[in-house]
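Peer 1: Can you read through this structure? Questions will come right after.
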Amino acid sequence: MALAADRLPVATATTTATISAAVVGTPTTAAARDVRAPAPTTTTTTTTTTTTTTTTTTDPPPPPPLHDEWGLASWYPEAPVGYCASPYLSFGTVLTVTDLATGQSIICTVDDRQARNPPRVVDLSYQGFAALDDPSRGLVEVRLSW
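Whatever position you read off the sequence shown (first residue = 1), add 130 for my numbering.
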């Protein structure tokens, strides 16, 4: 499995600048210069700067769910954590259950049947329901995606 850092291309640019310093304190004309004095010297300074640019690539967003359904969710004490009951979805179906009022969502797997009750679309485990809303409410409006 590649890490995100493995996919980041890195571009490196190098800039070189040459700066000549002016000769300080020396006369500018040959007549004003003493013949015995050494010739003026020029100082050259070279500066190297390295700039690193990181380009981030992102994965495309996940595809939208194939199925959506809205209705009421309840909870039942026999459900194991992470599982739910549905009146008609196949066992092993992984659902994303989103509370319409708060936007909180959980993921659970269908492993049981519930009695057909048209307004209820899923029965959650106590812990799953508690992650969405206060279990004392009993029912919450949800969207199922799978």
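From the three backbone atoms N, C-alpha and C, an ideal C-beta is built for every residue, glycine too.
Quick caveat, the model's predicted, so the values are computed rather than measured.
Since VAL240 and LEU225 are thought to touch, with beta carbons under 8 Å apart, how far apart are those beta carbons, to the nearest angstrom?
Peer 2: Looking up residue 240 in the sequence shown gives position 110. Looking up residue 225 in the sequence shown gives position 95. Taking a contact as a CB-CB distance under 8 Å, the pair VAL240 and LEU225 counts as one, their CB atoms being some 7 Å apart.
Peer 1: Who pairs with ASP229 in a beta bridge, going by DSSP?
Peer 2: Translated into the one-based positions of the sequence shown, residue 229 becomes position 99. Its beta-bridge partners are VAL272.
Peer 1: Which residues does DSSP pair with LEU254 in a beta bridge?
Peer 2: Counting from one through the sequence shown, the residue named residue 254 turns up at place 124. Looking at the DSSP assignment, LEU254 forms a beta bridge with TRP205, CYS214.
Peer 1: Would you check if the distance between the CB atom of LEU269 and the CB atom of SER216 is smaller than 7 Å?
Peer 2: Within the sequence shown, the letter at position 139 stands for residue 269. Within the sequence shown, the letter at position 86 stands for residue 216. With a cutoff of 7 Å on beta-carbon distance, LEU269 and SER216 are scored as not near each other.
Peer 1: Within 7 Å (strictly less), CB to CB, does SER220 reach chain B?
Peer 2: Considering every chain present, this structure includes no chain B. It has just one protein chain.
Peer 1: Between ASP253, CYS214, ILE237, SER220, which lies nearest to THR228 when the distance is taken from Cα to Cα?
Peer 2: One-based indexing of the sequence shown puts residue 228 at position 98. Ranking the options by Cα distance to THR228, first place goes to ILE237.
Peer 1: Could you tell me which residues DSSP pairs with ARG243 in its beta bridges?
Peer 2: Locating residue 243 in the sequence shown gives position 113, counting from the first residue. BP columns for ARG243 point to SER216.
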